[in-house]
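K.L.:
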Amino acid sequence: MTRVTQRFEPQGLAPPAGRHVRRAASSAADPRAALAELAAELAAEPAALTILWISPEHDLAAVEAALARAPFGPGPVIGCTTAGEIAPDGYRSGAIVGAAFPARLFTAAAELIAPLESFVLEDGARVVNALRRRVEAAGPPRACAFALMMADGLSLQEDALVSSLGGALGDVPLIGGSAGDGLEFRNAFVLHGGRFARDAAAVALIASDCPVRVFRFDHFQPTDRRMVVTRADPDRRVVHEINAEPAALEYARLIGADPDQLTMFTFAANPLVVRVGGQHHVRSIQRIGDTHELKFYSAIDEGLVLTVARAGDLAAHLDAALAELGEGAEAPDLVIGHDCLLRRLEAEQTQRAAEVSRVLARRRVVGFNTYGEQHNMLHVNQTFTGVAVYPPRASGAPRRAADGVLAPAPRPPAPTEGA
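According to the working numbering, the sequence shown is numbered sequentially starting from 1.
1) So with Cβ pairs under 9 angstroms, would you call A207 a contact of chain D?
2) Comparing C-alpha positions only, which one of E45, A299, A321 and D152 sits nearest to R237?
3) Fully enclosed by the region 17-85, which alpha helix (DSSP H) runs are 4 residues long or longer?
4) Grab the span of the beta strand (DSSP E) containing D357 for me, first residue to last.
5) Would you mind working out which of L334, L314 and V380 sits nearest Q351, comparing C-alpha positions?
6) Inspect the CB distances between the region 89-100 and the region 47-57 and report whether three or more fall short of 8 angstroms.
7) Determine, using beta carbons only, whether A420 and A201 come nearer to each other than 9 angstroms.
8) What separation, rounded to the nearest whole angstrom, lies between the Cα atoms of A28 and L35?
9) Just grab the DSSP bridge partners of P246 for me.
10) Nearest CA to the CA of A316: which residue from A204, D159 and A347?
11) Just to check my reading of the structure: V389 and V212 have Cβ atoms closer than 8 angstroms, yes? What is that Cβ distance to the nearest angstrom?
12) Using only CA atoms, which one of F101, A62, A61 and A70 lies nearest to T50?
13) Taking all protein chains shown into account, decide if G396 is buried (16 or more other Cβ within 10 angstroms of its Cβ) or exposed.
14) For the alpha helix (DSSP H) that V387 lies in, which residues bound it at each end?
15) Go through its chain and collect everything with a Cβ distance to A247's Cβ below 7 angstroms, but skip five positions before and after it.
16) Go to T266, then tell me how far its alpha helix (DSSP H) extends in each direction, as first and last residue.
17) According to DSSP, is E327 part of a helix, a strand, or is it coil?
18) Using a Cβ-Cβ cut-off of 7 angstroms (strictly less than) and excluding sequence neighbours within five positions of D199, which residues of its own chain qualify?
19) If you measure between the beta carbons of V282 and Q157, is that distance less than 9 angstroms?
Written out as C-alpha cells, the structure is:
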C-alpha cells in the first residue's frame, strides 16, 4: 500500500452544485425501459461521449435493438458487460449504468480494437494517432486529456494493450477496466457502434475543459511470506508450481488454509503482490485447475517473486482514498471507477457491502466491477482505478498548475497494525 505522495488542490473552481458530467442508472429488466430511463437523463444535452456499463443478466441482442432507438449522442457510445455495477447509489446487480460527457466541455473519439488475438504492439500507435486526429478535428482545443479503455476481461490481452497504448499516449494518462461476466467467466463483451463484441477493446480519447485526475489504489500491505513461481504458462496466465510444489497446495500452505477449501473468497482475502518499480501490485488468483494449478487475472511468469498481502479495512480505506481527491467545494463533480470484482466479493463476505455502497454514493462514483484494472502501462487486479472529473474553473479565475493535473492521485497512509 503506497502512502500519500501529493495532494490535488484545485483552486478557483466553480461550486460542484451543477452536474457537469451526467450520470444515471436503471434496474428495469426490459432493456428498452432501462435505456429509455437513462436517455431521459443522459441525453438531456448533447454528449461528446456516452459510457454504458451493462449487467450480463440483460439480453444483449435486446440491448442492441434498444440502443438503435435511444437518443444518445451525438458523440460515440461505448460500454461493456460487468461483474457488477456501481450506480449513483452504490453497488447494484442486474442494472445498466451510464455517464455522459457534455459536448460543451469535452471532445472525444472512440475506437474499437478487434480481434485482440491479432493485436501487436505496433497497433497502439496507429490507434492513438487516429484518435488524436479525430479529437483535434471534432472540437476546439481543450485544457487537458485522458484515455479510457474497456477490454474483454477473458481475452488475456490487457497487458499487451496497456503497454502499447500507454506508450503511444505518452504524457496522456490511460485508465481502464476489464469487461466481466458476473461470476460465470464465459463471455465478456465490449460495446462500440451499437454492437457488442468479444475479443475486443473500446478505447476513447477524451479532451476536457474540466480539471481531471487519474488514480489507482488498493488496501493491502505486504507480509513477510514470499514464494517463487517455478513453473508457469505465461500465455494462459497459469502457474503450475510455486516453490517447486503444486501451486495451489503451496499457496494454501503459505496462507494456512485447507487446499480443499480454497474459494474466490479465499483469494480475495489473501492476495498475492509483486514488487515493480518500488511499489507492490496485486496479481490476483481467478481459480484452481484440476491438477492444482492456479489461474491468474493478469500477467505471470516463471521466476516471479510473489508476496502474500494482508488487507486493511476496505470501506475505511476507500473513503479515505476518495477523500484525497477533494472534499466540499473542491470535490469532484463525478468519479468514474473501475473496482475489481474481488474487492466486491470481499465487501460482501465481510458484510461491508452496504457500507462500501454508501461511500461510493457519497463520493459520486459510477462505473463497474471488473475482471482487471488498468492504469497507464499497468494491468493490475484487486485494485480501484479511475478518473475524477472536477467542475470547470470559474470564469475569470486565475489558472494554476493544479488545474488539469493528470498525475496519479495520492493514496492514504497504510493502516495501523491490526486494521
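For every residue, glycine included, the Cβ atom is placed at its ideal position computed from N, Cα and C.
P.N.:
Looking at the coordinates:
1) Absence of chain D from the displayed structure is noted, only one protein chain being present.
2) A299
3) 31-42 and 60-67
4) As written in the sequence, residue 357 is Ser, which differs from the Asp given in the question. Premise fails: S357 lies in the alpha helix (DSSP H), A353 to R362, not in any beta strand (DSSP E).
5) L314
6) yes
7) Limits of the chain in this structure are 1 at one end and 419 at the other, which puts residue 420 out of reach.
8) 9 angstroms
9) E241
10) A347
11) 5 angstroms
12) F101
13) Low confidence applies to G396: its pLDDT is 42, below 50, so where it sits in the model is not reliable, and the reading given next is rough at best. With fewer than 16 Cβ atoms within 10 Å of its Cβ, G396 is classed as exposed.
14) From DSSP, V387 is part of no alpha helix (DSSP H) but of the beta strand (DSSP E) over F384 to V389.
15) V239, H240, E241, H292, E293 and L294
16) M264 to A269
17) coil
18) A114, P115, L116, E117, D152 and S155
19) no
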